[in-house]
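Colleague: FYI, our numbering numbers position 28 of the sequence shown as 21, with every residue one higher than the one before it.
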Amino acid sequence: MALLAMAILAAFAWQGLDSVLRSREAGKEAIDRTVRLATVMAQWEQDLLALHDTGVLPSPLSFDGQTLRLTRRMDQGVVLVTWSVRSGVWQRWVSPVYLRSGDLAEIWLRSQQFQGNEVGQLVVAEGVGEWQVYFHRGSDWSNAQSSGDLVVVAAPPPPPPPTGGTVGVGGAPPPPPALPQVTREQLPNAVRLVLSLAGGKLTRDVALGPTGN
């Protein structure tokens, strides 16, 4: 009887210890997820705060329902950054640094054909149900896929003529031609992210600073 009682007590003790270990492991996993998500949110905010408008793209910031694209300044030039959700996986991708506007325009167009398996795609979160992005213009939030207010701006200036080109009257250089005007969407003054995760819904607002040219 004594041995049976000890065996029963040992079994209860093991179940209690196992429960404690499982709870501790679950708590550690929850903390790891929270820390990782905080790091991802910091990167999301840094990308938006470094938004840079080169003037050569229809917009330096766009969202098509699956992918958010933005151009951001770096010390050496400008990069294209994409954030996308595919099959419940949230990914971030960064292009090489570009100095020429033509190269930046080309990668912007290529990024519209991305499948999510490109070299450099980084998984930042899994188990994402859906996500939505909203832009704040004026005093209202609107779906980022909706057309924003249109503004008329000067087109980027053409490259300078080669040395020895046309000269003006009296040998002076000719006056620069008037730049054509183009219509573009007005940039928002803030961006709202709404993300559905396993633990609930996450909402984050980021106010944008000057984008520069």
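Every residue, glycine too, gets a C-beta built ideally from N, C-alpha and C. Computed from a predicted structure; not experimentally measured.
Look at Q59 and W86 and say whether their C-beta atoms are less than 7 Å apart.
Modeller: Translated into positions along the sequence shown, residue 59 becomes position 66. Translated into positions along the sequence shown, residue 86 becomes position 93. Cβ distance not < 7 Å, so Q59 and W86 don't count as in contact.
Colleague: Between the alpha carbons of R93 and F107, how many angstroms are there, rounded?
Modeller: Here residue 93 is taken as the residue at index 100 of the sequence shown, counted from 1. Here residue 107 is taken as the residue at index 114 of the sequence shown, counted from 1. Answer to the nearest angstrom: the Cα atoms are 22 Å apart.
Colleague: What do you reckon, are the CB atoms on V72 and R62 nearer than 7 Å?
Modeller: Here residue 72 is taken as the residue at index 79 of the sequence shown, counted from 1. Here residue 62 is taken as the residue at index 69 of the sequence shown, counted from 1. No; because the gap between Cβ atoms is not below 7 Å, this pair is not in contact.
Colleague: DSSP puts R200 in a beta bridge; with which residues?
Modeller: Within the sequence shown, numbered from 1, the residue matching residue 200 stands at position 207. In the sequence on display, residue 200 carries Ala and not Arg. Beta-bridge annotation (DSSP): A200 is paired with A183.
Colleague: To the nearest angstrom, how far is the alpha carbon of V49 from that of V74?
Modeller: Taking the first residue of the sequence shown as 1, we reach residue 49 at position 56. Taking the first residue of the sequence shown as 1, we reach residue 74 at position 81. Distance between the alpha carbons of V49 and V74 is about 16 Å.
Colleague: Where does E38 sit, in a helix, a strand or coil, going by DSSP?
Modeller: Sequence index remark: in the sequence shown, residue 38 carries index 45 (1-based). Helix, per DSSP.
Colleague: Expressed to the nearest angstrom, what Euclidean distance is found between the alpha-carbon atoms of W101 and E111?
Modeller: In the sequence shown, the residue the question calls residue 101 occupies position 108. In the sequence shown, the residue the question calls residue 111 occupies position 118. Each residue's Cα considered, the two are about 14 Å apart.
Colleague: Which residues does DSSP pair with F56 in a beta bridge?
Modeller: Taking the sequence shown and counting its residues from 1, one reaches residue 56 at position 63. According to DSSP, F56 bridges with L61.
Colleague: Suppose you measure from the CA of E119 to the CA of S189; what does that come to, to the nearest Å?
Modeller: Looking up residue 119 in the sequence shown gives position 126. Looking up residue 189 in the sequence shown gives position 196. Rounded to whole angstroms, E119 to S189 spans 11 Å at the Cα level.
Colleague: How many angstroms separate the CA atom of L201 from the CA atom of G109?
Modeller: Taking the sequence shown and counting its residues from 1, one reaches residue 201 at position 208. Taking the sequence shown and counting its residues from 1, one reaches residue 109 at position 116. In a straight line, the C-alpha of L201 is about 27 Å away from that of G109.
Colleague: Give me the DSSP bridge partner(s) of N110.
Modeller: For the purposes of this step, residue 110 is taken as residue 117 along the sequence shown, with counting starting at 1. According to DSSP, which records beta bridges pairwise, N110 is partnered with nothing at all.
Colleague: What does T75 pair with, by DSSP beta-bridge criteria?
Modeller: Sequence index remark: in the sequence shown, residue 75 carries index 82 (1-based). Beta-bridge pairing links T75 to R62, W86.
Colleague: Give me the residue from T32, L41, L30 with the minimum Cα distance to V199.
Modeller: Looking up residue 199 in the sequence shown gives position 206. Ranking the options by Cα distance to V199, first place goes to L41.
Colleague: When we look at the beta-carbon of S289 and count the other beta-carbons within 10 Å, is it buried (16 or more) or exposed?
Modeller: No information on residue 289 is available, as it lies outside the stretch -6 to 206 that the chain covers here.
Colleague: Rounding to the nearest angstrom, what Cα-Cα distance links D133 and L180 in this structure?
Modeller: For the purposes of this step, residue 133 is taken as the residue at position 140 of the sequence shown. For the purposes of this step, residue 180 is taken as the residue at position 187 of the sequence shown. Whole-angstrom Cα-Cα distance: 13 Å.
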